[in-house]
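Residue numbers (the numbering used here), protein chains in the order written: chain W, 1 to 217; chain G, 218 to 434; chain F, 435 to 651; chain X, 652 to 868. Heads up, the beta-carbon is just placed ideally off N, CA and C, and yes, glycines get one too. These notes concern the structure reproduced below.
Number of protein chains: 4
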Amino acid sequence: MSEKLILGISGSPRKGANTDFLLQTALDEAAQTEGIRTETIYLRDYEIHPCNSCFACCSDGAEKADRPCLAFKDGMEEIYPMLKECSGMIIGSPVFFGSYSAQTKAFMDRTEGLLRYGRSSYGNALSNKVGGAVAVGGNRNAGEEFTLLAIHYYFHIQNMIAVGTGNTPTPGCYLGGSATTFPQKGRVKDAVKDDELGIKSAKLLGNRVAEVLMMMK
Amino acid sequence: MSEKLILGISGSPRKGANTDFLLQTALDEAAQTEGIRTETIYLRDYEIHPCNSCFACCSDGAEKADRPCLAFKDGMEEIYPMLKECSGMIIGSPVFFGSYSAQTKAFMDRTEGLLRYGRSSYGNALSNKVGGAVAVGGNRNAGEEFTLLAIHYYFHIQNMIAVGTGNTPTPGCYLGGSATTFPQKGRVKDAVKDDELGIKSAKLLGNRVAEVLMMMK
Amino acid sequence: MSEKLILGISGSPRKGANTDFLLQTALDEAAQTEGIRTETIYLRDYEIHPCNSCFACCSDGAEKADRPCLAFKDGMEEIYPMLKECSGMIIGSPVFFGSYSAQTKAFMDRTEGLLRYGRSSYGNALSNKVGGAVAVGGNRNAGEEFTLLAIHYYFHIQNMIAVGTGNTPTPGCYLGGSATTFPQKGRVKDAVKDDELGIKSAKLLGNRVAEVLMMMK
Amino acid sequence: MSEKLILGISGSPRKGANTDFLLQTALDEAAQTEGIRTETIYLRDYEIHPCNSCFACCSDGAEKADRPCLAFKDGMEEIYPMLKECSGMIIGSPVFFGSYSAQTKAFMDRTEGLLRYGRSSYGNALSNKVGGAVAVGGNRNAGEEFTLLAIHYYFHIQNMIAVGTGNTPTPGCYLGGSATTFPQKGRVKDAVKDDELGIKSAKLLGNRVAEVLMMMK
Numbered sequence: 001m002s003e004k005l006i007l008g009i010s011g012s013p014r015k016g017a018n019t020d021f022l023l024q025t026a027l028d029e030a031a032q033t034e035g036i037r038t039e040t041i042y043l044r045d046y047e048i049h050p051c052n053s054c055f056a057c058c059s060d061g062a063e064k065a066d067r068p069c070l071a072f073k074d075g076m077e078e079i080y081p082m083l084k085e086c087s088g089m090i091i092g093s094p095v096f097f098g099s100y101s102a103q104t105k106a107f108m109d110r111t112e113g114l115l116r117y118g119r120s121s122y123g124n125a126l127s128n129k130v131g132g133a134v135a136v137g138g139n140r141n142a143g144e145e146f147t148l149l150a151i152h153y154y155f156h157i158q159n160m161i162a163v164g165t166g167n168t169p170t171p172g173c174y175l176g177g178s179a180t181t182f183p184q185k186g187r188v189k190d191a192v193k194d195d196e197l198g199i200k201s202a203k204l205l206g207n208r209v210a211e212v213l214m215m216m217k
Numbered sequence: 218m219s220e221k222l223i224l225g226i227s228g229s230p231r232k233g234a235n236t237d238f239l240l241q242t243a244l245d246e247a248a249q250t251e252g253i254r255t256e257t258i259y260l261r262d263y264e265i266h267p268c269n270s271c272f273a274c275c276s277d278g279a280e281k282a283d284r285p286c287l288a289f290k291d292g293m294e295e296i297y298p299m300l301k302e303c304s305g306m307i308i309g310s311p312v313f314f315g316s317y318s319a320q321t322k323a324f325m326d327r328t329e330g331l332l333r334y335g336r337s338s339y340g341n342a343l344s345n346k347v348g349g350a351v352a353v354g355g356n357r358n359a360g361e362e363f364t365l366l367a368i369h370y371y372f373h374i375q376n377m378i379a380v381g382t383g384n385t386p387t388p389g390c391y392l393g394g395s396a397t398t399f400p401q402k403g404r405v406k407d408a409v410k411d412d413e414l415g416i417k418s419a420k421l422l423g424n425r426v427a428e429v430l431m432m433m434k
Numbered sequence: 435m436s437e438k439l440i441l442g443i444s445g446s447p448r449k450g451a452n453t454d455f456l457l458q459t460a461l462d463e464a465a466q467t468e469g470i471r472t473e474t475i476y477l478r479d480y481e482i483h484p485c486n487s488c489f490a491c492c493s494d495g496a497e498k499a500d501r502p503c504l505a506f507k508d509g510m511e512e513i514y515p516m517l518k519e520c521s522g523m524i525i526g527s528p529v530f531f532g533s534y535s536a537q538t539k540a541f542m543d544r545t546e547g548l549l550r551y552g553r554s555s556y557g558n559a560l561s562n563k564v565g566g567a568v569a570v571g572g573n574r575n576a577g578e579e580f581t582l583l584a585i586h587y588y589f590h591i592q593n594m595i596a597v598g599t600g601n602t603p604t605p606g607c608y609l610g611g612s613a614t615t616f617p618q619k620g621r622v623k624d625a626v627k628d629d630e631l632g633i634k635s636a637k638l639l640g641n642r643v644a645e646v647l648m649m650m651k
Numbered sequence: 652m653s654e655k656l657i658l659g660i661s662g663s664p665r666k667g668a669n670t671d672f673l674l675q676t677a678l679d680e681a682a683q684t685e686g687i688r689t690e691t692i693y694l695r696d697y698e699i700h701p702c703n704s705c706f707a708c709c710s711d712g713a714e715k716a717d718r719p720c721l722a723f724k725d726g727m728e729e730i731y732p733m734l735k736e737c738s739g740m741i742i743g744s745p746v747f748f749g750s751y752s753a754q755t756k757a758f759m760d761r762t763e764g765l766l767r768y769g770r771s772s773y774g775n776a777l778s779n780k781v782g783g784a785v786a787v788g789g790n791r792n793a794g795e796e797f798t799l800l801a802i803h804y805y806f807h808i809q810n811m812i813a814v815g816t817g818n819t820p821t822p823g824c825y826l827g828g829s830a831t832t833f834p835q836k837g838r839v840k841d842a843v844k845d846d847e848l849g850i851k852s853a854k855l856l857g858n859r860v861a862e863v864l865m866m867m868k
């Protein structure tokens, strides 16, 4: 039987830094479950225009062209098929001003054509898939929770199943992986590796995404 | 095969008013799914002391007595077995000061013994069950969303699966049933019956709770 | 000139434990500002019925009797005059299931008569006063932020000025005082005293409430 | 005496559509207060790169060059001086996937150099200024509240004073201007003009921003 894909999405502008690490920690843990494989998309490697709200994704044109976005031909063209293929998704973002990065949001906004309204074959592409979130903040209680809630909101609108860290005592965070670079400065690229509790929460999140995915018929 | 129970919890202090109606609307819709039955608990009918944070639910005593709460013998004694029995739960609350009523929260806080830490046979009683939420506010955008997010937070901590309104276009709200008594005054007991969009969102939520429940192995 | 009062409200059921300590830390810091005095109300010392949503506070009866609540004669009778008198308020709550305790919410819900609708002389009693919040959670990112947001929501509905921790680098939390008993268990009454960052955030919050209060004409 | 500036920031990609209208409604109301003038920035008219998290804004280089961002020379160069000049700010965003648009967030993320850490003369540029928010959603309870909370979070981190709609009964929303294009489709450019309650909330928000601004010493 073919393995089920959990897709990691990193919204960090910095290669190999804290958010990438925390996301990979979650994905690696998910991959411990038999029947799961993972891939990671680093949004910074793609040109992604923000959605211009043209609504063409809901038009006859989108149906005829079978494209989830008619406004731009950019990096999303490579990402869309992977969104269709995956069974689960883990979004990782640094916490900027209390919520996800603009880069993370640009990706989200460009998945409008995957909603119920989408007229191409990508319409409903994410429905009933399992979603998890991880966030890294420069202060300890400084938007990590809010970022996870914001990513959950995205999952709900995509009709996905938003899950948290499962049933382990003292997970650090219930909503998802939550880590901080504090007391080091956010610019220190591996600061989050010292945050044991944050790493624990990311592992739990990864495991839970896999677990619920396998629980679904 | 025995039917699966979705338990409705009404946190409204007012009998037969707007929150009761919206909750019942959601439950009735859920019951349309074959294999689902529903029951409704009106918290106002029970004496429920707020949690005094004694942590006895996590003690040897709780295990020996096999009781999820050693601090109080009150209405929760009747409710606990139903929480164990149910496969899904829909919590309905009026919006008071932007979030759930104190009555709704007192019920939640008293389910500490059902968490992973709970030492009685009620420990983990809600794990992997499906949860949905409905809220009624006196203003249109006045805490309905926040109340639903707050109830979702409860579900996540109980390791439940928090679901929204599913995959229908223009659901009114994605997170759950969301209705308002506006432009009538909140005190008008059936004001919410004029809120078609709110009723639609409650129906969608009820249907989605049943749908996801049936989707779980 | 008479001093301005910042009222502390503790929603913890446990005397002298972590929330009380964090709240007092914030209040003591506020009191460093000349012209400020503080008092602390421990909600557990009062009998406070949850609001029954009778709307009598908005009736002619409330005006005639000049009472902000006609439904109950309980501990709130002592608290109402202090709410009228104060210039600022700091609410402290333990984090229960991701948000404030039922006890904290019961207090809030019973201040309906202080809203714009209130017909007694208590109507608008909190308008333009400055509000701050502190929260203590048993896990590190486990509802502290959400609790602070929920208390802010209360302040906004009361037309108060909700403030955070001000302008210091690495405050730990921007929204208010945020501390955790982790890695000790929540039941350890002075666990929060080991959370330096949490204590820092509470001090900053207290200072900011005083600062903004003095900034208002 | 020179007038105080309230700066409007529109994060809508669509010219002259619903968000622009709602934002202008708020600004026009604010301008009714004597001593207030307003200007509106449409982010779509500027090239704004998302923050690449280089932290140069906190470096000696930023101090020497006296520039709040060393990474990009783009449209923000024109906007930064207006952020320094203004006394208040109203941010308007369409609701995309439950929160602000990526465009709105890119603007926010690029104001990192205006924080307490900023080493140029733009450091602390927004501190103690008054902030308000308006949001337009395609569904009624579909992220409007969450978007306003997310914008408030931004204000708190910038040490601004986040205000809501003030003290009028039935404001529609307490947190800010909240309107919906429903039951018309979001693509209808003037759909929000039919939402009387949403327009009311935007006017109240504009008025409140001006009111609190004038209340500050």
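Listed by chain order, chain G residues near residue i by CB distance under 7 Å
{"i": "Gly-164/W", "result": "His-373"}
Span separating the alpha-carbon of residue i from that of residue j
{"i": "Ala-505/F", "j": "Ile-41/W", "result": "58 Å"}
{"i": "Cys-824/X", "j": "Glu-3/W", "result": "47 Å"}
{"i": "Ser-276/G", "j": "Ser-270/G", "result": "12 Å"}
{"i": "Gln-103/W", "j": "Lys-666/X", "result": "22 Å"}
{"i": "Pro-719/X", "j": "Gly-764/X", "result": "5 Å"}
{"i": "Ile-440/F", "j": "Cys-274/G", "result": "36 Å"}
Contact set for residue i: own chain, Cβ-Cβ below 6 Å, skip 5 residues either direction
{"i": "Gly-712/X", "result": "Leu-721"}
{"i": "Ala-210/W", "result": "Ala-30, Thr-33 and Ile-36"}
{"i": "Arg-574/F", "result": "Thr-614 and Phe-616"}
{"i": "Leu-582/F", "result": "Ala-567, Ala-569, Leu-609 and Gly-610"}
Where the alpha helix (DSSP H) containing residue i begins and where it ends
{"i": "Leu-365/G", "result": "361–374"}
{"i": "Thr-670/X", "result": "669–681"}
{"i": "Thr-104/W", "result": "102–109"}
{"i": "Met-811/X", "result": "Neither: Met-811/X is in no alpha helix (DSSP H) and is coded neither H nor E."}
Close beta carbons around residue i, own chain, < 7 Å, minus the five adjacent residues each side
{"i": "Asp-283/G", "result": "Ser-337 and Ser-338"}
{"i": "Gly-292/G", "result": "Tyr-263, Glu-264 and Ile-265"}
{"i": "Ala-106/W", "result": "Ile-48 and Pro-50"}
Proximal residues of chain X, C-beta to C-beta of residue i below 7 Å
{"i": "Lys-15/W", "result": "The premise fails here: Lys-15/W is roughly 11 Å from chain X at the closest Cβ pair, so nothing lies under 7 Å."}
{"i": "Leu-414/G", "result": "Arg-791"}
{"i": "Phe-363/G", "result": "Glu-796"}
Start and end residues, beta strand (DSSP E) containing residue i
{"i": "Tyr-693/X", "result": "687–693"}
{"i": "Ser-201/W", "result": "From DSSP, Ser-201/W is part of no beta strand (DSSP E) but of the alpha helix (DSSP H) over 196–215."}
{"i": "Gly-712/X", "result": "Not the beta strand (DSSP E): Gly-712/X falls in the alpha helix (DSSP H), residues 711–716."}
{"i": "Leu-126/W", "result": "Here Leu-126/W belongs to no beta strand (DSSP E), and DSSP marks it neither H nor E."}
{"i": "Lys-4/W", "result": "4–10"}
{"i": "Ile-91/W", "result": "88–94"}
Partner residues on chain G for residue i, Cβ-Cβ distance less than 9 Å
{"i": "Arg-574/F", "result": "Here the premise fails: no neighbours, minimum Cβ distance about 14 Å."}
{"i": "Ile-510/F", "result": "The sequence given here has Met at residue 510/F, not Ile. Residues of chain G passing the Cβ test: none, with the nearest at roughly 12 Å."}
Interface residues of chain X facing residue i [CB-CB closer than 8 Å]
{"i": "Met-649/F", "result": "Asn-779, Met-867 and Lys-868"}
{"i": "Arg-550/F", "result": "Asn-818, Thr-819 and Pro-820"}
Chain-ordered neighbours of residue i on chain F, where CB pairs are closer than 7 Å
{"i": "Tyr-825/X", "result": "His-590 and Ile-591"}
{"i": "Gln-320/G", "result": "Pro-484"}
Per-residue contacts from residue i into chain X (C-beta, under 9 Å)
{"i": "Leu-583/F", "result": "Leu-800, His-803 and Tyr-804"}
Listed by chain order, chain W residues near residue i by CB distance under 9 Å
{"i": "Asn-341/G", "result": "Asn-167"}
{"i": "Ser-533/F", "result": "Ordered by position in chain W, no residue passes the 9 Å Cβ test against Ser-533/F, which lies about 11 Å from the chain."}
Cross-chain neighbours of residue i in chain F, by beta carbon under 9 Å
{"i": "Gly-360/G", "result": "Tyr-587 and Ile-591"}
Proximal residues of chain G, C-beta to C-beta of residue i below 8 Å
{"i": "Ile-90/W", "result": "Chain G residues near Ile-90/W: none, gap ~16 Å exceeds 8 Å."}
| Cβ pair count under 8 Å reaching 3, the segment 19–27 of chain W against the segment 196–204 of chain W | Contact between the segment 19–27 of chain W and the segment 196–204 of chain W is present, because at least three Cβ pairs lie under 8 Å.
| said: Assess contact between the segment 727–746 of chain X and the segment 661–671 of chain X, defined as three or more Cβ pairs (one per stretch) separated by less than 8 Å. Is contact present? | reply: Yes, since at least three Cβ pairs between the segment 727–746 of chain X and the segment 661–671 of chain X fall closer than 8 Å, the two stretches touch.
| query | Are three or more beta carbon pairs between the segment 516–523 of chain F and the segment 564–573 of chain F nearer than 8 Å? | reply | Judged by pairs of C-beta atoms under 8 Å, the segment 516–523 of chain F touches the segment 564–573 of chain F, as three or more such pairs exist.
| Three-pair Cβ contact test at 8 Å for the segment 158–173 of chain W versus the segment 185–192 of chain W | By the Cβ test, the segment 158–173 of chain W is not in contact with the segment 185–192 of chain W, since fewer than three Cβ pairs between them sit closer than 8 Å.
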